[in-house]
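Numbering (the working numbering), first residue to last: 5 to 135.
Cβ atoms here follow ideal geometry from the backbone N, Cα and C, with glycine treated the same way.
Structure first, commentary second.
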């Protein structure tokens with residue numbers, strides 16, 4: 005079974021490592037983009053199941069990336085978790101993202117939310133046999 009893919013867009017190395025390890029523990033294959041340019045280049049060619057998007061990037065805003073995502077049909081079903089240190093600033097994005105997480109995000113919070121919103125394991129299919 006193929007694991008769902010999570011794109012982590014985060015410029016802080018410690019947080020990127022934390023998010024990567026946490027989402028891998030939750031059952032995702034992860035890809036990392038450390039700035040907006042890397043994220044956009046990845047999204048042009050790929051369709052992740054989840055994007056964990058830092059709203060404060062050094063080269064662009066998270067809002068700029070969200071605007072791009074809205075124009076891409078292949079990303080229509082991608083779930084987006086936005087992360088921000090300013091919860092009030094991010095609150096207006098509620099209509100554009102599935103979830104706004106205020107940093108710091110805990111391990112258990114991210115695991116539980118990602119598993120609840122995106123099941124990573126499908127129930128095993130069984131064939132009934134009649135004898």
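By the CB criterion at 8 Å, residue 11 and residue 24 fall outside the cutoff. Taking all protein chains shown into account, residue 84 has 16 or more neighbouring C-beta atoms within 10 Å of its C-beta and is therefore buried.
For residue 79, the three-state secondary structure derived from DSSP is helix. Straight-line spacing of the CA atoms in residue 8 and residue 65 works out to 25 Å. The bridge partners DSSP lists for residue 44 come to none.
The stretch 66 to 85 and the stretch 20 to 34 do not touch, with fewer than 3 CB-CB distances between them shorter than 8 Å. Residue 84 sits in a strand when the DSSP states are folded into three classes. When the alpha-carbon of residue 102 is set against those of 111, 109, 86, 112, the nearest one is in 86.
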